[in-house]
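Residue numbers (this note's numbering): -11 to 250. Backbone N, C-alpha and C fix where the C-beta goes; we use that ideal spot for every residue, glycine too. These figures come from a predicted structure and were not determined experimentally. All remarks here apply to the structure that follows.
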């Protein structure tokens, strides 16, 4: 029995060492990326002022499913929606991890690894020159705290399929619907303030500027409250076909929603 216990201890130590080694190696790669892959076209200009066409903005709270209202003028005074900077991707990766993997919040080993994986994904998918008119990372910044508190991704690109261009590193096996709105997440301390729905509305406005006629997004089929909330914003659950069907099959229980943009 003592030999089995010693073996189990050795395995745990080996796994822990491997985790730290991966974290260290990945951090070196990320640091190198920050210096070598910074695009020259990054802009810090504000994309918009919130339109004054509505008296309130409804907020979708992913974790508590609460709806709150914040006056448009108050939102304008407190927050700015703009394009994300490459230098902000570390903060955004932490936001995405907190929003989509809250079970890792108290895990000092796996959470940093998850943040690095998200950072790598965000860096690889960052809107580089030539993409900026069809792909945008948006953030919401709290003016008082000068802090990025929310993020979303609007992607209207149409990449080549692997079967059409098998040697392209940018080609995909299955094209997702476009424009596709994803990675919507809000800092837990800033939820119920109209930020989530404001990002959705801004994404729709930008999609119209891209001459898109509709917007797609995915929601977990078990998140019935979120499905109802998006329904109230004009999104409808669609029956996926073709590429959309293949895309949904890879999303583990996601329902595809679509809204026609007027």
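Residue i, buried or exposed, once every other Cβ within 10 Å from all chains shown has been counted against 16
i: residue 141; result: buried
i: residue 59; result: exposed
i: residue 249; result: exposed
i: residue 80; result: buried
i: residue 185; result: buried
i: residue 121; result: exposed
i: residue 34; result: Confidence is the limiting factor: at residue 34 the pLDDT is only 38, short of 50, which leaves the residue's position unreliable and the question unanswerable from this model.
i: residue 91; result: exposed
i: residue 216; result: exposed
i: residue 19; result: Only weak support exists for where residue 19 lies, its pLDDT of 42 falling under 50; the coordinates are left without a value.
i: residue 171; result: buried
i: residue 240; result: exposed
i: residue 158; result: With a pLDDT of 44 at residue 158, under the threshold of 50, the modelled position of this residue cannot be trusted, and the question is left open.
i: residue 96; result: exposed
i: residue 117; result: exposed
Beta-carbon proximity check, residue i vs residue j, cutoff 9 Å
i: residue 242; j: residue 219; result: no
i: residue 123; j: residue 108; result: no
i: residue 169; j: residue 83; result: no
i: residue 130; j: residue 66; result: yes
i: residue 225; j: residue 165; result: no
i: residue 137; j: residue 183; result: yes
i: residue 145; j: residue 202; result: no
i: residue 200; j: residue 167; result: yes
i: residue 245; j: residue 205; result: yes
i: residue 126; j: residue 72; result: yes
i: residue 74; j: residue 128; result: no
i: residue 63; j: residue 181; result: yes
i: residue 135; j: residue 175; result: yes
Continuous alpha helix (DSSP H) stretch holding residue i: start and end
i: residue 231; result: 230 to 237
i: residue 88; result: 77 to 88
i: residue 191; result: 183 to 197
i: residue 60; result: 60 to 66
Host beta strand (DSSP E) of residue i (start-end)
i: residue 171; result: 168 to 174
i: residue 202; result: 202 to 208
i: residue 227; result: Premise fails: residue 227 is in no beta strand (DSSP E) and is neither H nor E.
i: residue 247; result: 242 to 248
i: residue 134; result: First-last for residue 134: undefined, no H or E at that position.
Anticipated Cβ contact below 8 Å, residue i with residue j, distance rounded
i: residue 173; j: residue 87; result: 3 Å
i: residue 98; j: residue 77; result: Not really, about 20 Å apart at Cβ, beyond 8 Å.
beta-carbon residue i near the ligand FMN non-hydrogen atom, thresh 8 Å
i: residue 220; result: You won't find the ligand FMN in this model; it holds no ligand whatsoever.
Beta strand (DSSP E) runs contained entirely in the region 99 to 131, provided each spans 3 or more residues: 123 to 130
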